[in-house]
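Have a look at the structure below, then the notes.
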């Protein structure tokens with residue numbers, strides 16, 4: 123959203139911001155309603171653009187780093203512990219959904235092989251690119267400018283090349299990649315109730331497929347709920363505050379099932395002394 127406002131609504135009018143966010147929510151919904159093939163094509167394009175932008179900053183950006191920009195390390199005005207605690211939900215937010223790839227197993231060829239390996243490799247590669255790109259951005263921009271920036275990757279690109287054209291290109295790449303991520307989340311938010319409905323846990327309406335083979339009711343319902351959440355957040359806060367609130371809510375609620383799942387796995391392996399099927403696990407590689 124904040125990268126969209128590099129081009130539109132630079133005055134951050136709240137009503138216009140809400141409209142832009144709603145457009146950003148419903149465009150991915152339309153992509154999903156068009157069918158799995160179209161959604162897959164969108165994912166290829168958006169993933170390439172996202173990786174290109176991050177890879178550029180994680181490689182070329184490192185040559186424009188200034189060591190002095192890393193100091194002071196904490197400009198939040200809070201204690202180090204509080205600053206780290208405030209950053210943890212955002213760090214978790216970046217990796218949320220890594221497990222939801224299993225939800226799409228029914229749409230993937232050879233899921234026993236094509237889900238575990240890409241998930242592990244993709245997560246590790248993403249971590250490396252994220253860390254390097256963040257090291258570059260923090261080192262390129264002075265601390266105070268970084269603190270006040272609403273589009274740090276764009277500002278870093280402008281600092282590298284001068285002018286504003288590079289930042290605009292970076293902003294477009296971020297926007298496109300964001301739409302791609304929302305397309306995946308929209309699919310997941312429809313596939314999960316579809317699976318629950320097939321198990322008899324949700325109304326049958328959720329398992330009905332459109333002519334394109336899409337759980338359209340789930341797509342529309344999840345997007346409508348997200349739209350309501352956005353409107354409620356923006357009605358009482360600005361864009362940055364709304365984003366922070368949503369990230370905190372998402373991180374806290376996601377941490378609970380993550381912790382329970384990790385605890386269940388420990389009990390499953392240690393207390394119940396169950397073992398993985400080694401040969402099957404090895405076969406995925």
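Residue numbers (the working numbering): 123 to 407. Heads up, the beta-carbon is just placed ideally off N, CA and C, and yes, glycines get one too.
Asked, Found
"Could you tell me whether the Cβ atoms of residue 319 and residue 154 are closer together than 9 Å?", "no"
"Alpha carbons only, please: which of 369, 354, 372 and 381 is nearest the one belonging to residue 144?", "354"
"Exposed or buried, what is residue 168 when buried is set at 16 or more other beta-carbons lying within 10 Å of its beta-carbon?", "buried"
"Measure the C-alpha to C-alpha separation of residue 373 and residue 177 and round it to an integer number of angstroms.", "26 Å"
"May I have the straight-line CA-CA distance separating residue 280 from residue 310, to the nearest angstrom?", "35 Å"
"Helix, strand or coil: how does DSSP classify residue 98 here?", "An answer regarding residue 98 cannot be provided, because it is not within the stretch 123 to 407 covered by the chain."
"Nearest to residue 299 by alpha carbon, out of 180, 340 and 172?", "172"
"Suppose the cutoff is 8 Å on Cβ atoms and the five residues either side in sequence are ignored; what does the same chain contact list for residue 349 look like?", "144, 147 and 148"
"With DSSP run on the structure shown, which of helix, strand or coil describes residue 299?", "helix"
"Does the pairing of the segment 202 to 212 with the segment 280 to 292 give three or more beta-carbon distances under 8 Å?", "no"
"Run through the segment 191 to 279 for me and flag every whole alpha helix (DSSP H) of 4 or more residues, listed as ranges in chain order.", "202 to 217, 233 to 236, 238 to 262 and 265 to 270"
"If you compare alpha carbons, which of 371, 391 and 386 is closest to residue 208?", "371"
"With H, G and I counted as helix, E and B as strand and the rest as coil, what does DSSP make of residue 380?", "helix"
"If I measure Cβ to Cβ from residue 142 and keep anything under 8 Å in the same chain, skipping five residues before and after, which residues do I get?", "123, 126, 127, 130 and 131"
"On a Cα-Cα basis, can you pick out the residue from 159, 134 and 140 that is closest to residue 305?", "159"
"Taking the alpha-carbon positions, what's the residue 232 to residue 163 distance?", "20 Å"
"Within this structure, are the beta carbons of residue 308 and residue 341 separated by less than 9 Å?", "yes"
"Could you give the first and the last residue of the continuous alpha helix (DSSP H) run that contains residue 96?", "The structure shown does not extend to residue 96, since the chain spans only 123 to 407, so no value can be given for it."
"My output table needs one value for residue 129: the three-state DSSP class, helix, strand or coil.", "coil"
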